[in-house]
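Novice:
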Amino acid sequence: MTTSPTVSPTQSSQVVRKPYPNYKVIVLNDDFNTFQHVAECLMKYIPGMTSDRAWSLTEQVHFEGQATVWVGPQEPAELYHQQLSRAGLTMAPLEAV
105 MTTSPTVSPT QSSQVVRKPY PNYKVIVLND DFNTFQHVAE CLMKYIPGMT SDRAWSLTEQ
165 VHFEGQATVW VGPQEPAELY HQQLSRAGLT MAPLEAV
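Just so it is clear: in the sequence shown, position 85 is 189 by our numbering, and no numbers are missing.
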C-alpha cells in the first residue's frame, strides 16, 4: 500500500488591510439648549462647518431628535464629541460606522 505525501496548503503572504472604522458624532435634542447655542457650538468646534449647515443640523436635532454632525476617524471624533459635550450639548455615545 502506497501513501501519497500530504500536501499542506501554502500560506498566503498577502496582508489584508482593513481600514479603520469611521465614527459618528451625534447631537441629541434637549429642553435646555437654544437653537443659537447649538448652531454656534457646531460652527466653533466642527471644522468647515458653515452657518447654513449648522442651522440646518440644529433644526434636524430639534425636529428629528438627533443629527449626525460629523463622521470621520476616531481620534478627531472623540475630540469634537468632548468639546460639544463640554459646551453643554447633549450627545449620543460615539458610534462606529
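Virtual Cβ for every residue (Gly too), placed ideally from N, Cα, C.
1) Could you tell me whether the Cβ atoms of G169 and N137 are closer together than 7 Å?
2) DSSP three-state call for M147: helix, strand or coil?
3) To the nearest angstrom, report how far apart E144 and A158 are at their CA atoms.
4) Let's see if you can read the secondary structure: which residues bound the alpha helix (DSSP H) around V165?
5) Classify Y127 as helix, strand or coil using the three-state DSSP reduction.
6) Whole-angstrom Cβ separation of M195 and I130, contact assumed at under 8 Å?
7) To the nearest angstrom, how far is it from the Cα of L198 to the Cα of G192?
Specialist: Judging by the given coordinates:
1) Contact flag unset, no.
2) Helix at M147.
3) C-alpha separation (whole angstroms): 8 Å.
4) Here the alpha helix (DSSP H) through V165 covers 155-168.
5) Assigned with DSSP and collapsed to three states, Y127 falls in strand.
6) Sure, about 7 Å apart at Cβ, within 8 Å.
7) The alpha-carbon atoms of L198 and G192 are separated by roughly 16 Å.
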